[in-house]
Amino acid sequence: TITPKKPNSALRKVARVRLTSGFEITAYIPGIGHNLQEHSVVLVRGGRVKDLPGVRYHIVRGTLDAVGVKDRQQGRSKYGAKRQNKCQLLNNLLEIQDSQSERSQNPPLFGDALSVEEHVLGC
Numbered sequence: 513t514i515t516p517k518k519p520n521s522a523l524r525k526v527a528r529v530r531l532t533s534g535f536e537i538t539a540y541i542p543g544i545g546h547n548l549q550e551h552s553v554v555l556v557r558g559g560r561v562k563d564l565p566g567v568r569y570h571i572v573r574g575t576l577d578a579v580g581v582k583d584r585q586q587g588r589s590k591y592g593a594k595r596q597n598k599c600q601l602l603n604n605l606l607e608i609q610d611s612q613s614e615r616s617q618n619p620p621l622f623g624d625a626l627s628v629e630e631h632v633l634g635c
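Each residue of the sequence shown is one higher than the last, beginning at 513 in the numbering used here.
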């Protein structure tokens with residue numbers, strides 16, 4: 513992790529990468545969370561990070577050893593995230609509904625959960 517230039521403040525995730533040409537570069541890891549370890553093989557593209565001095569490359573998510581960002585709904589192509597199918601979306605919505613109904617005893621978002629599941633084909 514690297515800290516950015518003033519006035520920004522964060523811990524930006526970066527990786528030192530040895531290229532096949534022999535150069536050793538610093539590449540930014542975009543998105544929330546990653547699975548990269550010491551000997552992971554990654555694909556690198558150009559593109560600097562403006563507030564990190566010396567970081568001129570990005571790691572491409574969703575290729576080789578760098579998996580895509582989990583639970584990403586919008587802007588998925590930039591983070592290598594696959595589209596969720598209807599069953600997964602329904603399960604996520606039902607989990608959110610259950611957690612909200614546990615916090616407050618309001619009526620559920622969708623009425624009866626069983627009637628929602630019946631409308632989705634293939635689940």
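Here a beta-carbon is modelled for each residue, glycine too, at the ideal position from N, C-alpha and C.
How long is the line joining the alpha carbons of residue i and residue j, rounded to whole angstroms?
i	j	result
Thr513	Arg528	10 Å
Asn547	Gly559	21 Å
Glu536	Tyr569	11 Å
Ser613	Ser589	34 Å
Val567	Gln549	19 Å
Throw me the rounded Cβ distance for the residue i and residue j pair, which I believe falls under 8 Å.
i	j	result
Arg524	Tyr540	7 Å
Val554	Asp583	The Cβ separation is near 22 Å, so there is no contact.
On the CB-based measure, 16 or more other CB atoms within 10 Å of its CB, does residue i come out buried or exposed?
i	result
Arg573	buried
Ser544	One point to set straight first is that residue 544 is Ile, not Ser, in the sequence displayed. Under this definition Ile544 is an exposed residue.
Cβ of residue i less than 9 Å from any chain C Cβ?
i	result
Ile514	The structure shown contains no chain C, having only a single protein chain.
Identify which residue in the options has its Cα closest to the Cα of residue i.
i	options	result
Val581	Pro542, Arg530 and Asn520	Pro542
Discussion item. To test your reading of the DSSP string, which unbroken beta strand (DSSP E) runs of 3 or more residues are found completely within the stretch 533-604?
Written reply: Scanning the stretch 533-604 for uninterrupted beta strand (DSSP E) segments of 3 residues or longer gives 536-540, 556-558 and 569-571, listed from N- to C-terminal end.
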